[in-house]
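> Okay, here's the structure, questions in a sec.
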Amino acid sequence: MNSLTLNLDATSSVTQTNQGRARGLGRGPRSPSKLQSPQSLKILQCNINGLSILATRTKLYQLLEIADLNKVQVIAIQETKLKKTAALKIRGYNIFRADRPSRGGGGLAFFIRDVKYQSIDFSLDQTSDLEIQGVKIFWRGKPLHILNVYLPPNQSHLPTNFSNFMDKNTITLGDLNAKHTIWGSCCNNTRTCISMY
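So that you can map any letter, position 185 of the sequence shown is 185 in the UniProt record's numbering, and since no number is skipped, the others follow by simple counting.
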């Protein structure tokens, strides 16, 4: 059995096996009845570029350290590159994953703690390679949608029905592979002009 395990100071691990039992859901530190609607909500987003390789251990550890220092409740990750057979557990977080079903690469994950949430189901244009997952957070007594997206470099536009998922209580974040010189890129591409609203 091939197996790769990453342990981050015994607080988190990524295990990938050929037999796999992962369901993509981690256990958080509190029962749902003790979760509250926070007065302030902190969100962290990162393209991690792979969670199943040893070099990622440092990136994930640093990300979790930043989240702890800043009391971040929601972490959105792109390009997890995990197979469905990979088990992912991080102490203190509920984990909600959207692994790429057929080929390698891609993949999304939310790490969520200390807030009530529900997953959001999406039905997108099947011709698009856009990867998307969403959660509904209950913040200040109202629902807030947070969308985690990854648009691969070979995809030139968002699906035509993407705007159907947007409303006034939506935060969209992720990696759209957009480039512009004002962001420190050496060039511009048409993705900088994507209108999502």
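Just so you know, even glycine gets a beta-carbon here, dropped at the ideal spot from N, CA and C.
Owing to the predicted nature of the structure, the values given are computational and were not obtained by experimental measurement.
If you draw a straight line from the alpha carbon of Leu173 to that of Val149, how long is it in whole angstroms?
Taking the sequence shown and counting its residues from 1, one reaches residue 173 at position 173. Taking the sequence shown and counting its residues from 1, one reaches residue 149 at position 149. Their backbone Cα atoms lie some 6 Å apart in a straight line.
> The beta strand (DSSP E) with Gly174 in it runs from where to where?
Start at 1 with the first residue of the sequence shown, and residue 174 comes out as number 174. Run containing Gly174: Thr170 to Asp175, per the beta strand (DSSP E) assignment.
> Could you spell out the range, first to last residue, of the beta strand (DSSP E) harbouring Gly134?
Here residue 134 is taken as the residue at index 134 of the sequence shown, counted from 1. Unbroken beta strand (DSSP E) run through Gly134: Glu131 to Trp139.
> Can you give me the C-alpha to C-alpha distance between Val72 and Asn188, rounded to a whole angstrom?
As a position in the sequence shown, residue 72 is number 72, starting the count at 1. As a position in the sequence shown, residue 188 is number 188, starting the count at 1. Roughly 32 Å between the two C-alpha positions.
> Going by the CB atoms, is the gap between Gln133 and Phe111 shorter than 8 Å?
As a first step, residue 111 is located in the sequence shown; it is residue number 111 there, counting from the start. As a first step, residue 133 is located in the sequence shown; it is residue number 133 there, counting from the start. No, Cβ-Cβ distance for Phe111 and Gln133 is not below 8 Å.
> With contact counted as at least three CB pairs below 8 Å, one residue from each stretch, are the segment 60–80 and the segment 102–122 in contact?
Result yes; three or more Cβ-Cβ pairs closer than 8 Å.
> Secondary structure at Leu158, three-state DSSP: helix, strand or coil?
Taking the sequence shown and counting its residues from 1, one reaches residue 158 at position 158. In this structure, Leu158 counts as coil in the three-state DSSP scheme.
> DSSP has Ala76 in a bridge; who is on the other side?
For this step, residue 76 is matched to residue 76 along the sequence shown. According to DSSP, which records beta bridges pairwise, Ala76 is partnered with Gln45 and Phe110.
> Between which residues of its own chain and Ser40 is the CB-CB distance below 8 Å, once the five residues before and five after are set aside?
For this step, residue 40 is matched to residue 40 along the sequence shown. So no residue of the chain qualifies.
> Any C-beta of chain D sitting closer than 8 Å to the C-beta of Lys179?
Given the protein chain composition of this structure (a single chain), no chain D is represented.
> What's the C-alpha gap between Asn94 and Gln78?
The residue you call residue 94 lines up with position 94 of the sequence shown. The residue you call residue 78 lines up with position 78 of the sequence shown. Going by the C-alpha atoms only, they are around 16 Å apart.
> For Cys46 and Leu60, I'd like the C-alpha separation in whole angstroms.
Taking the sequence shown and counting its residues from 1, the one referred to as residue 46 is at position 46. Taking the sequence shown and counting its residues from 1, the one referred to as residue 60 is at position 60. For Cys46 and Leu60, the distance between alpha carbons rounds to 10 Å.
> In three-state terms, what does DSSP make of Leu147?
Here residue 147 refers to the residue found at position 147 of the sequence shown. Three-state DSSP puts Leu147 in a strand.
> Check whether the Cβ atoms of Glu131 and Ala98 lie closer than 8 Å to each other.
Counting from 1 along the sequence shown, the entry for residue 131 is found at position 131. Counting from 1 along the sequence shown, the entry for residue 98 is found at position 98. It is a contact, given that the beta carbons lie within the stated cut-off.
> Excluding the five sequence neighbours on either side, which residues of its own chain have a C-beta within less than 8 Å of the C-beta of Asn169, listed in chain order?
Taking the sequence shown and counting its residues from 1, the one referred to as residue 169 is at position 169. Taken in chain order, the residues that qualify are Lys142, Pro143, Leu144 and His145.
> Just curious, the beta strand (DSSP E) that Ile90 is in, first and last residue?
Sequence index remark: in the sequence shown, residue 90 carries index 90 (1-based). Start and end: Ala86 to Ile90.
> Is the CB-CB distance between Leu158 and Leu151 below 8 Å?
Here residue 158 corresponds to residue number 158 of the sequence shown, with the count starting at 1. Here residue 151 corresponds to residue number 151 of the sequence shown, with the count starting at 1. Taking 8 Å as the Cβ cut-off, Leu158 and Leu151 qualify as a contacting pair.
> With a threshold of 16 other CB atoms inside 10 Å of the CB of Thr160, please say whether the residue is buried or exposed.
Within the sequence shown, residue 160 is the residue found at index 160, counting from 1. Exposed.
> Within a Cβ cutoff of 6 Å, which residues of the same chain sit near Lys84, ignoring the five residues on either side of it in sequence?
As a position in the sequence shown, residue 84 is number 84, starting the count at 1. So the qualifying residues of the chain are Asp99.
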